[in-house]
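> In the numbering used here, the protein residues as written are 171 to 240.
(1) Go to residue 192, then tell me how far its alpha helix (DSSP H) extends in each direction, as first and last residue.
(2) Does the beta-carbon distance from residue 237 to residue 224 come in below 8 Å?
(3) Would you kindly report the start and end of the unbroken alpha helix (DSSP H) that includes residue 185?
(4) Is it buried or exposed for residue 228, if we count other Cβ within 10 angstroms and need 16 for buried?
(5) Nearest CA to the CA of residue 234: which residue from 187, 210, 181?
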């Protein structure tokens, strides 16, 4: 017996509305800005936390990204 041909359908691309994507993009942007702040500027007069703990924690990343620190 011959099998009946099954039509193959094309996959439909998933559409994500901008209203659902915008809060996540905003969250990622704020998180990225906080990360750049802590790696690049968390020392001296702009320091949010007293002491050198944050500076020493991100020290190698700071040099890797080209931020001067000494």
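Every residue, glycine too, gets a C-beta built ideally from N, C-alpha and C.
Quantities reported herein were computed from a predicted structural model and do not represent experimental measurements.
Quick answer:
(1) As a first step, residue 192 is located in the chain shown; it is residue number 22 there, counting from the start. Taken as a continuous stretch (DSSP letters only), the alpha helix (DSSP H) holding residue 192 covers 188-210.
(2) One-based indexing of the chain shown puts residue 237 at position 67. One-based indexing of the chain shown puts residue 224 at position 54. Not closer than 8 Å, so no.
(3) Locating residue 185 in the chain shown gives position 15, counting from the first residue. Looking at the DSSP string, residue 185 is not in any alpha helix (DSSP H), and its letter there is neither H nor E.
(4) As a first step, residue 228 is located in the chain shown; it is residue number 58 there, counting from the start. Flag for residue 228 reads buried.
(5) On the chain shown, position 64 is the one that residue 234 refers to. It is 210.
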